[in-house]
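Novice:
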Amino acid sequence: MKKELLAGISVAATVLLGLAAAWHLQERLDVQRKAIHEERDEMLVQSPKLIKALSLEYAPLLGAVYWTRAVQYYGEKHHERDMKLQLLWPLLDAATTLDPKLLVAYRFGSTFLSDAPPRGAGRPDLAVKLLERGLKEYPDEWHLYQDLGNVYYFDAKDYPKAAAAFAEGSKNPHAMIWMKVMAAKIAADGETPETSYALWMEVLNSTKDPDIKKNAELHLRLLKTDLDIREIDRLANEYEKKTGHRATRMSELVQAGLLRGQPLDSAGYPYVLGEGGKAELNLNSPLLEEKLLNKK
Amino acid sequence: MKNVLTVATNTFREAVRDRVLYNLVFFALLMMGAAILVGQISIGIEASVIVSLGLTAISVVGLFIAIFIGVGLVSKEMDKRTLYALLAKPVKRWEFLLGKFFGLVMTLTVNTAAMAAGLYLALWTVKHSFEKSDVYILAAVYLILLKLALIVGLALLFSCFTTPFLAILFSAGIYVAGVFAQNLRTMTVVDLNASTMKMLRGISYLLPNFENFNVMGTVAHGGVVPGALILNATLYALVYCAVVLTGAAAIFSRRNLK
C-alpha cells in the first residue's frame, strides 16, 4: 500500500515537474521566437470559392471564423499602429463569400477598409465593392446605403455618388428621414463640417460596437474643433473690423465682449490665437495629434 | 413489425452501453466555451456564431456516429457471430436490417435533441432572450436529423456487401458527392459536350442531395425556413431512405453468411 502511494506521488510529481519545465521552456522559446519574428501576413488559401468548396456544408461557420479573424487582424494591426492591412480585403472577401448573409461583415468591414490610415486601410474602392456585394444580398437594408454614402462622402470624396447612395437608401420605407436630408444637402453643398457632424452623429447613434462608437466620437470631437475654430475666427474678424487691428490673444476677444470666457476644446484645453491671429488648438491638447493624423 | 422494434430497441441500448452519447459532454464544453469566448473576440455575430457552431457540431458529430456506427451495425454482429443466433429465430433479414436502422436513428434522435437543448441554452446565455425566428433552429436540427438518417441508410447499404473500411470510404464519399450534387447541375464547363453534361445532370439527380437539408446559414441569420421546404425535404428523405434500405435488404437477403 505504502509502495503504491509512493509510486502515485512520484508519478504525479514527475508530471507536475514536467509540465512546469515545459511551461518554462515555452516562455524562453517565446522570447527567442520574438527575436527572430518576421512579419508574416499570410492566408494559406486565397481563393474564397475554393475555401467555400472545401468547407462542404459548413460554410456559414467558416464565414464567422474568417470574420473573427478579420476583426482580430484589424485589432492587432490597430494596436501596433501598423495600418498596412494587406490581408483585410482577402479576409473580408472570404468571410462574405462563405457566408453572404454576414451583414455585420459588410457594415463594419467597409468601415475598416475605407477609413484613412491610421484608423483604417484607406481603401474606399474596396469598401464600395464590399458594400455593393452586401446590397445584392440585402437590397432592403437601408443601413448599407448609409454606409455606402459615408464611404463616398468621407473617404472617396465623391459627393454626387454619396448623395445618390443616401437618396437610394431613403427610398426604403424603413429608412430614417435624415437620409433624404443628407442626400439633398450633399448634392447641394458637397462636404461641409455641419453635414459631416450630422453623419458622424448618426454613426454614433446607430452602432453598439464600442470601437466604432469611439471612432465616431473622435471624429465628432475633431469636427467640433473645426466648427469652434471657424467661429472664433469669425469673431476675430469682427474684432478686427471694430478695432482696426487683429487680436493676438484670446483675452482681447473676451475683453471686447465677443467671448464669454476662454474657449476650451472638447479635451478641456484652451484654444489659442496663432500666427496671423488665427484660432488654433493648444499645443498640449491631445486633439492636435489626432487632427494631424487625420489630415495625413 | 414487433421484430423490427425489438431489434431497434436493442440497438439503441447497445449504443448507450457503448457510451456513444458521451459525445454530448464534448458538445456541452464546446458550446460553453463558445458562449464565453465569441463575444470577446468578434463583433456583432455572437448569436449567429453560436447557432452556426451548434448546428455544425450537431451535424459533424452526428455524421461520425452515422457513418462509423452505421457501418458497424451489421459487420459487428457478424464478427461477434451474434447475427447467426438472431437469424435462427423467426426474424427475417430485412427486419433485422430495418431494426438496426431505426435503432441508430433513435440514438441519433436522442443525441440531436440533447444537443439542440444545449444549443438553445448557449443561445440564451449569449442573448438573454429568444426571438421568434429562433424557432427555426429546430427546423434546421430536424433537417440535419433527416440527413443523418439518410447517411445511416447508406452506411448500412455499403456494409451489406463490402468490408467496414470500404463501407466507411463509400459512405463518406457519397456524402461529399451529395454535398456537391447541386453544383454538378449548375456548373459551366466549356470542354464538356452536351451528352456528358446530360449525364452529369442525371447523376446529380440520382445522388442524394445533402444540400436539401442544409439551412444552417439561413437560420444563423434569423431567416425563415418555409414549411413547404421542410415537407418536401422530409418526403425526399423518406423516399431516398426507402430506396436505399430496399437495396440493402435485397443485398443482405442474398448474402451468403456462412
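Line by line, the protein sequences give chains F and U. Heads up: the first sequence begins at -6 in this note's numbering, then just goes up one per residue. Heads up: the second sequence begins at 1143 in this note's numbering, then just goes up one per residue. Backbone N, C-alpha and C define an ideal beta-carbon position, used for all residues, glycine too.
Where does Glu73 of chain F land, buried or exposed, given buried means 16+ other C-beta within 10 angstroms?
Specialist: Glu73 of chain F comes out exposed.
Novice: Based on the DSSP output, what are the partners of Glu273 of chain F in its beta bridges?
Specialist: Answer by DSSP bridge pairing, in chain order: F:Val265.
Novice: So, under 8 Å CB-CB, Ile1209 of chain U and Ile1293 of chain U are touching, yes? Tell me the CB distance rounded to an integer number of Å.
Specialist: Right, their Cβ atoms sit about 6 Å apart.
Novice: Going along the segment 54 to 85 of chain F in order, which residues come within less than 7 Å of chain U, judged by CB to CB distance?
Specialist: Residues passing the 7 Å Cβ filter: Leu54, Ala57, Trp60, Thr61, Val64 and Gln65.
Novice: Determine, for Leu211 of chain F, whether the minimum Cβ-Cβ distance to residues of chain U falls below 8 Å.
Specialist: So, not an interface residue.
Novice: Measuring CA to CA, which of F:Pro153, F:Trp193 and F:Trp60 is closest to Leu215 of chain F?
Specialist: Checking every option, the nearest Cα to that of Leu215 of chain F belongs to F:Trp193.
Novice: Pair every Cβ in the segment 1239 to 1255 of chain U with every Cβ in the segment 1332 to 1351 of chain U, then say whether three or more of these pairs are closer than 8 Å.
Specialist: Short answer: they don't touch.
Novice: Considering only DSSP beta bridges, list what Leu10 of chain F is partnered with.
Specialist: Paired residue(s): none; Leu10 of chain F is not in a bridge.
Novice: Per DSSP, Leu257 of chain F is paired with what?
Specialist: DSSP output for Leu257 of chain F lists F:Pro263 as bridge partner(s).
Novice: Taking Cβ to Cβ, would you say Leu1349 of chain U is nearer than 8 Å to Gly1320 of chain U?
Specialist: Closer than 8 Å, so yes.
Novice: Using a Cβ cut-off of 9 Å, which residues of the segment 1341 to 1358 of chain U contact any Cβ in chain F, in chain order?
Specialist: From the segment 1341 to 1358 of chain U, only Phe1352, Glu1353, Phe1355, Asn1356 and Met1358 have a Cβ closer than 9 Å to chain F.
Novice: Within 8 Å of any Cβ in chain F, is that where the Cβ of Gly1260 of chain U sits?
Specialist: Output row for Gly1260 of chain U: interface = no.
Novice: Could you tell me whether any Cβ in chain F is nearer than 8 Å to the Cβ of Gly1186 of chain U?
Specialist: Cβ-Cβ to chain F under 8 Å: yes for Gly1186 of chain U.
Novice: Name the chain U residues that come within less than 7 Å of Val97 of chain F, Cβ to Cβ?
Specialist: Near Val97 of chain F (Cβ distances below 7 Å), the residues of chain U are Ile1185, Gly1186 and Ile1187.
Novice: Going by C-alpha distance, which of F:Leu47, F:Asp226 and F:Ser278 is nearest Ile268 of chain F?
Specialist: The amino acid at residue 268 of chain F is misidentified as Ile; the sequence shows Glu. That would be F:Asp226, whose Cα lies nearest to the Cα of Glu268 of chain F.
Novice: Please determine if the segment 1216 to 1231 of chain U and the segment 1301 to 1319 of chain U are in contact, where contact requires at least 3 C-beta pairs separated by less than 8 Å.
Specialist: Output reads yes: the segment 1301 to 1319 of chain U touches the segment 1216 to 1231 of chain U.
Novice: Apart from the five residues just before and just after Leu1239 of chain U, which ones in its own chain have a Cβ nearer than 8 Å to its Cβ?
Specialist: Closer than 8 Å at Cβ, skipping near neighbours: Val1216, Leu1298, Cys1302, Leu1387, Ala1390, Ala1391 and Phe1394.
Novice: Three-state secondary structure (DSSP) at Phe1303 of chain U?
Specialist: Here Phe1303 of chain U sits in coil by DSSP.
Novice: Around the Cβ of Gly250 of chain F, are there at least 16 other Cβ atoms within 10 angstroms (buried) or fewer (exposed)?
Specialist: The residue in question, Gly250 of chain F, is exposed, as its Cβ has fewer than 16 Cβ neighbours within 10 Å.
Novice: Taking 8 Å as the CB-CB cut-off, is Ala6 of chain F touching chain U?
Specialist: For Ala6 of chain F, the answer is no, since every Cβ of chain U falls outside 8 Å of its Cβ.
Novice: DSSP three-state call for Ile1185 of chain U: helix, strand or coil?
Specialist: In this structure, Ile1185 of chain U counts as coil in the three-state DSSP scheme.
Novice: Decide if the segment 85 to 104 of chain F is in contact with the segment 129 to 148 of chain F; the criterion is three or more beta carbon pairs, one per stretch, under 8 Å apart.
Specialist: As far as the Cβ criterion goes, the segment 85 to 104 of chain F touches the segment 129 to 148 of chain F, which means the pair count is three or higher.
Novice: Which residue marks the beginning of the alpha helix (DSSP H) containing Asn230 of chain F, and which one marks its end?
Specialist: Unbroken alpha helix (DSSP H) run through Asn230 of chain F: Pro203 to Thr236.
Novice: Do Glu184 of chain F and Tyr146 of chain F come within 8 Å of each other at the CB atom, strictly closer than that value?
Specialist: Contact: yes.
Novice: Of the residues that make up the segment 184 to 212 of chain F, which ones have a beta carbon closer than 7 Å to any beta carbon in chain U?
Specialist: Per Cβ criterion, the list reads Asp202.
Novice: Which word fits Glu1237 of chain U, buried or exposed, when buried means at least 16 other C-beta atoms lie within 10 angstroms of its C-beta?
Specialist: Buried.
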